[in-house]
Amino acid sequence: MRTTLGVHSSQPQDEGDWVMQGSVRRLAQYPLGVVWSGHVRGALRGPSPCLLFPSIRTLFSETGVWEKVYQPETRRRVEEWWHPRIMARWRESAEEGSKRKKFYVLSMFPYPSGRLHMGHVRVYTISDTIGHFQRMRGHQVLNPMGWDAFGLPAENAAIERGLDPEEWTKSNIQSMREQLDSLGLCFDWDREVTTCLPDYYRWTQYLFIKLYEAGLAYQKEAVVNWDPVDQTVLADEQVDENGRSWRSGAVVEQKMLKQWFIKTTNYAKPLLDALADLPEWYGVKAMQANWIGECSGCYFDFKLKVNGEETGETLSAYSSSPETVFGAAYLAILPTHRLLYGNSSVRPTLEKAFKPGRDCLTEVTACNLFTGLEVPLVVSHKEAFDGYLDTVIGIPDCSEEDLSIARSLNLSWNTALKEDDNGIQMLINSAEFSGLTRQQGFDSITQKAREQKVGGHLTSPKLRDWLISRQRYWGTPIPVVHCASCGTVAVPEEELPVLLPKLASLTGKGASPLEAAHDWVDCKCPRCKGPARRETDTMDTFVDSAWYYFRYTDPRNPRRPFERQLADHWLPVDVYIGGKEHAVMHLYYARFLSHFCKDLGLVSHREPFWKLLVQGLIKGQTFKLADSGQYLKREEIDFTGKEPVACGGGRVEVTFEKMSKSKHNGLDPQDVVQQYGVDTMRLYVLYAAPPEQDILWNVKTDALPGVLRWQSRLWQLVTKLREVRQHGDVPIPSSLKKKELAEARKIWENMNYAIQEVTTHFTEDFLFNTAISRLMGLSNTLNGATAKVVQHSLEFEEALAVLVLMTAPMAPHLSSELWAGLCQVNNPLSDLIQRGGDVLQQQWPTVDPKYLDVPEFVELSVMINNKACGTVTIPLQASKDLELVRQLVLESPLGQKLLAGCFIKRAILSPRTALINFLIDE
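When we follow numbering that gives the first Met the number 0, the leftmost residue of the sequence shown carries the number 0, and every step to the right adds one.
Have a look at this one:
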C-alpha cells in the first residue's frame, strides 16, 4: 500500500489545490521538480522525500489519487506509465521456464518498408490480443516477430537512392521496430529473425540443398514470365489476370531462360488430402484445394532419343490415367514447348518436322523409364492442353482423341485394358500389373513409379512446379556451382552460407547483378577442385518465408536450422494471422516445405498451421475527380454543400479503397495514436468489423466514438465503486432486500454469460467485435445498478473485476490502471481483487458451475410493430435483460434481415413470456 501524506480523495479539486504524496520512486524519476499535467514545475529544495502533485490529471498508479473522469490527458498518462511495465512483464514471463501447455500465436512477418501502415496495426493487434489472452489462461505463449527482408523493393529503393540495399533494409527495420514498440505490442524480440542475415539464409540454403539432394530442386530451360521493369522472372502466381506484374504493374513478357524449380507437384496429393484434417480456414481451405486441383494423374519420366541415341535429356509427361501407361502410343508436346525454342539438342529435328496447325510425327523418340517402352514424340496442333500441361502421354485406350491421333499417324500400341465377364475393366499387357483392376493398377503402378523415382506422384494438370529463380541481387544466393567437368554441384553444407557479395553499384538493368561480381562468381568446384562458376540467380523471397515459423522456435541455433525437440514442442502454430493476399501462394509453399521437413525427419508433423485467421484490409476514404479519375487530397475538397466537390470545380467520387500514398487516403498509425491513444486504436480495429472483413476507416462512424465512450464508462464504473467505499463503510451483503438480490442475481447471470461468450470468441471464431459488444452489454448492466447493490453486493464487485480482466488483452494500458484502482478499493468483498499483481498476470475468469446447471436456451418470439415475424434462440440467462435481448436479436440473422438500418423507437420485453416487440418508424 502507498502512504498518502496529504489528501487522498477521488473528488476533483481546483487546479490550485495540491496534494502531498510520498513517492521515492517519483523522486528518482523527476529529481528536480514537480509534475503537473506531464510538465516539470518548480524545483525541489532540500532532501525532502515528498513531491507536490495536483489532484487532477494525476495517475493513481503514480500518486494514489484517483481521477474521477477519464480525460485525454489521463489516457496519455495511463499509456505512458503502463507501456514499459507491460512490455517488461511480458519479457519476464517469456524468460521463465515453464511446463505449462504451449500456445504459438504467429502473425505474418512484414517486409521492412520503413513505415508501419494500418494493416500492420490490425494484424499485430490481433496477435497481441490473443497472446495476452492465452497467457492469462495459463499457457506458455510464443508470439515472435521478424523481417521478410530480401526482395525487389529494397533493391529498387537502393538503386533509386544510390544506397546499399543492406543499409536501407537495416535502417527500415530499426525504424519499424521502434514503431512496433511504441504501439505496446508484446513480441518475443529475443527470437527475432531477419531473412537477409547470413545466420538465417545459411539455413535457407541448407534446405535448398536438401531439396536438391532429394531430386526436388532442378534446373531447366523454360518459357517464363519476364518483368521488363524489374528485370526479373515472375512465377505464374505473381502475374495478375490482366497479364501484369503484381509489383511493378508492367505488362509481362514471355522469355526462354534456364531456371531453378522446386518440384512441389510431387507433394500435391498429400497437401490436398491434409486439408481435410484442418479446421475451417475462412474459405482458404477451399482456395488451397482449388489451387492444387484434383490429383487424379501423375507424371512419368522419359529419356529422349534421336536415331536410337540418347540425347541426355529427360522429359516428364502427364497422364490422367497412369494405370494404362503400358498402352501409351506417343508423347505429345505443344508448339510452344521449350524443346522448340531453347538450346535443346533435339530442337533441329523437331523444327524439321513441325508444321503449324497439324499433329506432326517427329524422328525423336522417348523411352519411358518406368515401362521401358519407347514411343514417338509428336508436336501437337493444339495451342494448349488441360491446365498448365505442355507434355502429355497419348493413350488410345482412354481417349477418343488420343485414338484418333494415333490412327492418323499410323502408330502402333498395346491395348492395356480389357473387360472381364462381369464388366470390370482389367489391366492386360502391363507386365506384372496385368490382371489387376484399374483401381488396383492405379495404386500399384503409381506407388512403384514413386519407389523407382521415375514419376508416379499424384498431382493435377493445373499445377506447375515452383519457379524460384530471380535475376536480381538482393536475395538468398542459390548454393550451387556449375563445373565443366562435374556439371551442377551443390555447395557442401560445411561451406554454407554462400555469402551475398558486396557490389559497387546496382543498376537494375541487363543481366543478373551478381554476374558482375567476378571474384565471387569464379570459384573452385567442390568435387573436382577445378574452375567453376557460382549460380548467379537468387531465390524468390517466398522461399525465405516458407520456413521462418520453424526458425522462431530455435532462432540462435548455429548447428542446424532448428532443434527438432523445440520445433515439435511449439509446432504446429496454434493461430496463424495474416492478410487474404497470402491465402494461396505463401500458405501453399509453407505447407509444402513443412511436409518436406517431415519426410526429412526434421519434425514430427506435416502441417505447420492449425488455425488460420485471415484479416481484411483497412480501407481509407478516397476522393477522385469523376471525369479524369485523378485522386485528390482531403484539403482539395469542398464539403460545405450536400455533396463534396473539388475546390477547383468538378464532381467528386467518394469511395473506400486500399490505403496508399498515391490515393491520398493513407493513415499514419502514429497520428492515430497521438489523437486517440493506443488502446482506442486497438479497440477500434477489433470492434469495427470481424477480422476477415475489410474496415472502412471513418472516424465519424459509430465504432470510434463507441469505443471512446466505452472506455470512459469503464472508468466511471471503477470510480463509482471507489466512491461508495471511500469513507470506510463496510459492505453488508445481508442488508440487500429481495428486489436488490434479484438485481444482483441478474448481474451474476450476465457476468457468467459474458465469460462464456467472450471466451468462445477468443478461442473459436475470433469475433472480437462481438466479444466487445458482449462486454459493452455487461458494462451497461453494471452502469444501471442501484447504489445499494454497488455498495453491498459481491456480484457487482466481481462482475466489474471480470469486465476489466476480459478487457485487458484488448486494452491493456487502460485495464492495468483500472485494475490498480479496483485492487485498492476499501473493504473488498471479492477474492478476485485481493490477489495482487497486474491485470495481465491474473487468471482468465471462468464460468461458475452453478450457472451451467440451468437450461441453456429459450425460443424468443420477435414482433415488429406488433406483428409476429419469427423467433430467435437466446440463452435463458439473458432472456429477462432487455438490453441484452435487444442486442442479441439485432445481431441475429433475423434481426440483420428485418431491422438493419431501421430506427428503433422502442423495444418492449414481455415480463411473462419470451417475447420482444420492436416499434420502428415505417
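Cβ atoms here follow ideal geometry from the backbone N, Cα and C, with glycine treated the same way.
DSSP on residue i, reduced to helix/strand/coil?
i      : result
Ile617 : strand
Gln28  : Low per-residue confidence applies at Gln28: pLDDT is 34, beneath 50, and the placement is therefore not dependable, though the value from the model is reported in the following sentence. The answer is helix: DSSP assigns Gln28 an H, G or I state.
Gly161 : coil
Lys254 : strand
Val583 : coil
Glu72  : helix
Thr506 : coil
Leu695 : strand
Gln895 : helix
Ser656 : Correcting the residue identity first, residue 656 is Glu in this sequence and not Ser. DSSP places Glu656 in strand when its eight states are reduced to three.
Pro874 : strand
Thr364 : strand
Met107 : coil
Ser318 : strand
Gly676 : coil
Starting from the C-beta of residue i, find all residues in its chain whose C-beta is less than 6 Å away, skip the five residues before and the five after it, and write them out in chain order.
i      : result
Glu312 : Leu303
Ser174 : Gly113
Arg533 : Val480, Val520 and Cys522
Leu908 : Leu881, Val884 and Ile915
Rounded to the nearest angstrom, what separates residue i and residue j at their Cα positions?
i      : j      : result
Pro808 : Phe549 : 26 Å
Ser593 : Val232 : 25 Å
Val520 : Gly619 : 47 Å
His726 : Arg76  : 27 Å
Glu921 : Asp837 : 51 Å
Ala702 : Glu742 : 30 Å
Glu94  : Asp189 : 10 Å
Pro460 : Thr370 : 22 Å
Ser266 : Leu274 : The question names Ser, but residue 266 in the sequence shown is Tyr. Between Tyr266 and Leu274, the C-alpha separation is close to 13 Å.
Ala288 : Gly615 : 21 Å
Leu210 : Ile261 : 8 Å
Gly341 : Val378 : 15 Å
Given residue i, which residues of its chain have a CB within under 7 Å of its CB, disregarding the five upstream and five downstream residues?
i      : result
Val192 : Gly145, Tyr199, Tyr547, Arg550, Tyr551 and Pro554
Pro874 : Tyr752, Glu855 and Phe856
Trp923 : Residue 923 is absent from the model: the chain starts at 0 and stops at 921.
Leu184 : Tyr123 and Asp127
Asn664 : Gly619, Gln620, Thr621, Glu656 and Met658
Met286 : Ala582 and Val583
Ala913 : Val857, Glu858, Leu859, Ser860 and Ser878
Which residue wins for smallest C-alpha separation from residue i, given the options the options?
i      : options                           : result
Leu839 : Arg75, Glu72, Pro71 and His82     : His82
Phe301 : Val572, Val324, Gly282 and Ser295 : Val324
Gly628 : Lys896, Glu652, Arg605 and Ser484 : Glu652
Pro278 : Thr361, Tyr205, Thr762 and Glu373 : Thr762
Leu357 : Gly326, Ser407 and Thr348         : One point to set straight first is that residue 357 is Arg, not Leu, in the sequence displayed. With distances taken between Cα atoms, Arg357 lies closest to Ser407.
Ala800 : Leu716, Glu350, Glu177 and Asp728 : Leu716
Leu271 : Glu431, Thr445, Leu256 and Leu462 : Leu462
Tyr686 : His138, His760 and Thr718         : His760
Thr168 : Glu400, Ala157, Lys641 and Val871 : Ala157
Ser829 : Gln841, Glu796, Thr769 and Asp573 : Glu796
Ile172 : Asn155, Glu159 and Leu196         : Leu196
Leaving out the 5 sequence neighbours to the left and right, which residues in its chain are closer than 8 Å to residue i when beta-carbon positions are compared?
i      : result
Val672 : Ser181, Leu182 and Met680
Ile919 : Ile863, Asn864, Leu898, Cys901, Phe902, Ile903 and Lys904
Ser411 : Ala328
Asp239 : Trp245
Ser734 : Lys787 and His791
Taking residue i as part of the alpha helix (DSSP H), name the residues at either end of that continuous run.
i      : result
Tyr211 : Pro197 to Glu212
Phe149 : Unbroken run through Phe149: none, as it is neither H nor E.
Lys401 : The question names Lys, yet the displayed sequence has Asp at residue 401. Start and end: Glu399 to Ser407.
Pro811 : Pro811 to Cys822
Arg463 : First-last for Arg463: undefined, no H or E at that position.
Met425 : Here Met425 belongs to no alpha helix (DSSP H); instead the beta strand (DSSP E) covers Gln424 to Leu426.
Locate the beta strand (DSSP E) running through residue i, then write down its first and last residues.
i      : result
Met750 : Taken as a continuous stretch (DSSP letters only), Met750 belongs to no beta strand (DSSP E), being part of the alpha helix (DSSP H) at Lys737 to Thr759.
Met862 : Phe856 to Ile863
Cys482 : Val479 to Cys482
Phe301 : Gly296 to Val305
Leu416 : Leu416 to Glu418
Lys904 : Ile903 to Leu908
Arg532 : Pro530 to Arg533
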